[in-house]
Every structure is written in structure tokens, then in C-alpha cells.
Amino acid sequence: AYGQKDPLVEYKSEAFHLFVSLIGEVRNDIVSFCFKFFPQEPNDVQARRARQQRMQTIKDSSQNMGLQTSETAKESANRGKQQPVRVEQKVGRNEPCPCGSGKKYKNCHGQN
4 AYGQKDPLVE YKSEAFHLFV SLIGEVRNDI VSFCFKFFPQ EPNDVQARRA RQQRMQTIKD
64 SSQNMGLQTS ETAKESANRG KQQPVRVEQK VGRNEPCPCG SGKKYKNCHG QN
């Protein structure tokens, strides 16, 4: 016992005080971050954009190294991944197993 006080009430009050201190720390972090923030100069932004543009051109040129024409690229994109064709119908879980054991499929070969 905490000095003739209910432990549950003490835990709740301690948790509340911890929560209040957490909120205060978050507010301090936000304020300190706002004061540490400095806007970038326009030259830095332009240099970054130019660098990103160069990287994009390098990426585009490296993709064209495979010598694909635009038509073959479109065809390969449209094809996508083909699904296998099933000849047999799928066996239901409560149907008899196709192996001939007489058990339900879920109790025979359908167990995972």
C-alpha cells in the first residue's frame, strides 16, 4: 500500500503526471525544431533540382540500354503476368477427395 492510499488511484495519478511531462517534452522539441529551422537559399534549391534532373536523365538512359523500342516496351507492359490455365475444376472442401479414400477433401489431401 502507498501510505494508506489505493494503489490503483496512485498508478492513475502517476500515469497522468508522466503523460503531462511527455506532452511538455513534445512541445519543447517542436519549438526547438522550429527555431533551428532555416529556409534554404534559392541557389541551393536550383542546384538540387538540376541534380535531380541529371539523375532522372541517367536513369532514363540506363533503361534504354536494353535497346527496346517503344512498341516492344508497350507490348511487354500490356502482357503482364499470365495466369496458368486450369483444366480441372477446383475440389470443394466438403466434397469427397479425388484420391478415392472416401474421406472429405478437407480431412484428406486438403489439410494444410
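The opening residue of the sequence shown carries number 4 in the numbering used here; numbering runs sequentially from there.
Ideal Cβ positions, reconstructed from N, Cα and C, are used throughout, including at glycine.
- Between PRO101 and VAL94, the C-beta gap is smaller than 8 Å, which places the two residues in contact.
- With respect to ASN97, LYS106 sits apart: the two C-beta atoms are not nearer than 8 Å.
- Here the alpha carbons of PRO10 and PHE40 stand approximately 45 Å from one another.
- In the structure shown, the three-state DSSP call for PRO42 is coil.
- Beta-bridge partners assigned by DSSP to PRO87: none are found.
- In the three-state scheme derived from DSSP, where H, G and I count as helix and E and B as strand, LYS62 is classed as helix.
- SER64 and PHE36 have their C-alpha atoms spaced approximately 40 Å apart.
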